[in-house]
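Going by the numbering used here, the first residue of the sequence shown is number 13, and it counts up by one from there.
Backbone N, C-alpha and C fix where the C-beta goes; we use that ideal spot for every residue, glycine too.
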Amino acid sequence: MVEAVQDAGVVVTGAGGGIGAALARRFAAEGARVVVNDLDAARAQAVADEIGGIAVPGDASVIVAEARDALGGTVDVYCANAGLASGGTEAADDKVWALAWDVNVMAHVRAAQELLPGWLERGSGRFVSTVSAAGLLTMIGAAPYSVTKHGAYAFAEWLSLTYRHRGVKVHAICPQGVRTDMLTASGSAGDLVLAPTAIEPEDVADALFKGMEEDRFLILPHPEVAEYYQARATTPDRWLTNMNHIQQKWEAAR
């Protein structure tokens, strides 16, 4: 994997902190040339300065062309990591739903629209989607987040099945709790469901690199998620009942 990443042009969105910063640091440590993207220009620049990368701040949906230019014309690996942890129920405001959909799904779609023509022409490219276990399962108290993360997973899956024979590799990272600002912002629901087994952002980067070495689509930094995903598929009513018990426990605690 070191050979594959050495001197590769890598873009990591949402890399001003958390998982994105850990991914940027790991790619740089392996010899890649890394573009660090974040809405917060100061945070993007700080990480870029730390790793010898290039800061390209701004909306992740529209920075592909600028990032590609910064890398000399070629993006080899694109990490669609920027995400929005939108809480709420079905009653969340339409603007909350729309923003979650735009950041968690459409930013990935727009990046793929920019990247795929070049990747398909040359027969190689790697798209890394930071999804979340919520994209395989769900998350209590966060309907917009859960629904749009399902969309992000579905899009990554579609990219993989559509283009893998043409040299495009796709990875979907689906961790549970990770000790980041997003976990802190998840409040009491995150404290109940995610915090007890939370891992460090660097653990997510390790899981990705192991998955790339093994050429795996689905990256599970929390291996137990595979069992939950299997239960959801094979015994959905039992799984939903168990999740509802967690919902009731959360409601009672509130």
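Here V22 really is in contact with V89; their C-beta atoms are around 4 Å apart, less than 8 Å. Assigned with DSSP and collapsed to three states, R228 falls in coil, not helix or strand.
Cβ atoms of T142 and W113 stay farther apart than 8 Å, at about 16 Å.
Counted as a single uninterrupted DSSP element, the stretch harbouring I211 is not any beta strand (DSSP E), since DSSP gives it neither H nor E. The criterion of a C-beta distance shorter than 8 Å is satisfied by A119 and A92. The three-state reading of DSSP puts H183 in strand, counting E and B together.
By the criterion of a C-beta distance shorter than 6 Å, D215 is surrounded in its chain by P233, once the five residues flanking it on both sides are discounted. Looking at the DSSP output, G100 bridges to A154. Distance between L35 and V140, taken at the CA atoms: about 10 Å.
Put simply, the stretch 69-82 touches the stretch 42-56. At least three CB pairs are less than 8 Å apart. Shown here for L127: same chain residues with a beta carbon closer than 8 Å to its own, the five before and five after excluded, namely V76, V87, Y90, G137, F139 in chain order. Here V117 really is in contact with F167; their C-beta atoms are around 6 Å apart, less than 8 Å.
Boundaries of the alpha helix (DSSP H) harbouring V237: 237-246, taken from the DSSP string.
Your pair I152 and A201 checks out as a contact, with CB atoms roughly 5 Å apart and the cut at 8 Å.
Secondary structure at G223: helix, using DSSP grouped into helix, strand and coil. With contacts defined as CB atoms closer than 8 Å, A44 and V17 qualify as a contacting pair. In the DSSP assignment, R134 falls within the alpha helix (DSSP H) that extends over 119-134.
Residue pairing for V23: DSSP places it in a beta bridge opposite V47, Y90. K261 and R250 have their C-alpha atoms roughly 17 Å apart. In the displayed model, T142 falls within a strand according to three-state DSSP.
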